[in-house]
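Structure first, commentary second.
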Amino acid sequence: MTFQEILSNALIFFFAGYETTASTLSFLAYELAHNQDIQDKLFEEVMKNVGEDEADYDNVSNLPYLDMCINETLRKYPPALRLDRTCTHDTDLLGLKVPKGMVVNVPIYAIHHSPDLWENPDKFDPDRYIDDVLSINNSKFADYLSSIYPSELEVKETIETNNSPSYLDIMLSYDTDGHMNTSLYDKRDYFNFSITNFPFLSSNIPSSPAYGVFISQLIRYARASTKYMYTDFVLRARRLSDKLFSQGYVCDRLTSSLRKFYGQYGERVIHYDVPVSRMVDDILS
Numbered sequence: 508m509t510f511q512e513i514l515s516n517a518l519i520f521f522f523a524g525y526e527t528t529a530s531t532l533s534f535l536a537y538e539l540a541h542n543q544d545i546q547d548k549l550f551e552e553v554m555k556n557v558g559e560d561e562a563d564y565d566n567v568s569n570l571p572y573l574d575m576c577i578n579e580t581l582r583k584y585p586p587a588l589r590l591d592r593t594c595t596h597d598t599d600l601l602g603l604k605v606p607k608g609m610v611v612n613v614p615i616y617a618i619h620h621s622p623d624l625w626e627n628p629d630k631f632d633p634d635r636y637i638d639d640v641l642s643i644n645n646s647k648f649a650d651y652l653s654s655i656y657p658s659e660l661e662v663k664e665t666i667e668t669n670n671s672p673s674y675l676d677i678m679l680s681y682d683t684d685g686h687m688n689t690s691l692y693d694k695r696d697y698f699n700f701s702i703t704n705f706p707f708l709s710s711n712i713p714s715s716p717a718y719g720v721f722i723s724q725l726i727r728y729a730r731a732s733t734k735y736m737y738t739d740f741v742l743r744a745r746r747l748s749d750k751l752f753s754q755g756y757v758c759d760r761l762t763s764s765l766r767k768f769y770g771q772y773g774e775r776v777i778h779y780d781v782p783v784s785r786m787v788d789d790i791l792s
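So in my numbering, the last one in the sequence shown is 792, and the numbering has no gaps at all.
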């Protein structure tokens, strides 16, 4: 094998063989943390069939609810958001002519979240797989597929479920340790500081850096305002200057900073067609 072939296969092994499994495990753990009732039901099934034994092929094969949870995770968070396939011969796709060689995009994520195929598609609901692997109207789904795939392909209404355990099954049922509780908590409950409305310039900040912050904020306000929004710029800057005045900053220093801002960055605010003297009065008066 060439170096390019080895590198290509290594990348495929990582993205298709490792990253997809890791991301699915992460998404499933997230959903289980959000849905404690589903987590408890899954834990009960694992403890009943695996218990303190080591997870193996046989006992993991008897975990239907685990398969349902994995299927629902793959539906809601598909590892591949889309598939690209090259048309091998001229064909007709829902009335559209698809020439040979055209790349056709299959929107996996959109299909998995279509309300026409799934009830409450944004809800994590493993029970939708109780009756069949897709929990959709099979006859409707077959008609949908028949309108897409060439007529020479037979679309069956029944879809067989693969009961063989996957790597995900084994990982999720291994080392249960007799306890499972991963409910979420609000990290804000553990904050020991308060958040103050921005901008905030404390009186213990040295004066020179504080006036420099005043200039940097004026630059941001000018960039966020258009030449037709001088009033908006003044209102933003005035709120900031009022805040500084309330914290003991002097008008002369703020006036000097404002003139410095106008002199260095006037190419942006000159569009307001306002002299610096008026800007000083509008903001600091």
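Cβ atoms here follow ideal geometry from the backbone N, Cα and C, with glycine treated the same way.
- Here DSSP, grouped into helix, strand and coil, assigns L590 to strand.
- Only buried fits K583, as 16 or more other CB atoms lie within 10 angstroms of its CB.
- Across the structure, I618 and G558 are spaced so that their CA atoms are roughly 37 angstroms apart.
- According to the DSSP secondary-structure assignment, N612 is paired through a beta bridge with D591.
- The segment 590-597 and the segment 568-582 do not touch, with fewer than three beta-carbon pairs separated by less than 8 angstroms.
- The beta carbon of V610 sits closer than 6 angstroms to the beta carbons of D591, T593 from its chain, once the five residues preceding and following it are set aside; these are given in chain order.
- DSSP places K630 in the coil class of the three-state scheme, outside both helix and strand.
- The beta-carbon distance between Y572 and P633, rounded to whole angstroms, is 7 angstroms. This is short enough to meet the 8 angstroms contact definition.
- Distance check between R745 and each of S784, L532, D789, F534 places D789 closest, using alpha-carbon atoms only.
- For the pair V781 and Y737, the CB atoms are nearer than the 8 angstroms cut-off.
- Counting only runs that start and end inside the segment 512-541, the alpha helix (DSSP H) elements of at least 4 residues fall at 527-541.
- In the three-state reduction of the DSSP assignment, T509 falls in the coil class.
- Counting the other Cβ atoms within 10 Å of the Cβ of N556 gives 16 or more, which makes it buried.
- Excluding sequence positions up to five before and after V741, its CB lies within less than 7 angstroms of the CB of D789, I790, all in the same chain and listed in chain order.
- In this structure, the alpha-carbon of S568 lies about 34 angstroms from that of S515.
- T527 is positioned such that its CB atom lies closer than 8 angstroms to that of P586.
- Here DSSP, grouped into helix, strand and coil, assigns D597 to coil.
- Between the beta-carbon of L751 and that of L761 there is about 6 angstroms, and that keeps the pair under the 8 angstroms contact cut.
- DSSP, read as helix, strand or coil, puts V741 in helix.
- Your pair E552 and L570 checks out as a contact, with CB atoms roughly 6 angstroms apart and the cut at 8 angstroms.
- Per DSSP, the beta-bridge partners of L603 are L600.
- At least 8 angstroms separates the beta-carbon of Y616 from that of R635.
- Under the three-state reduction of DSSP output, Y584 falls in the coil class, being neither helix nor strand.
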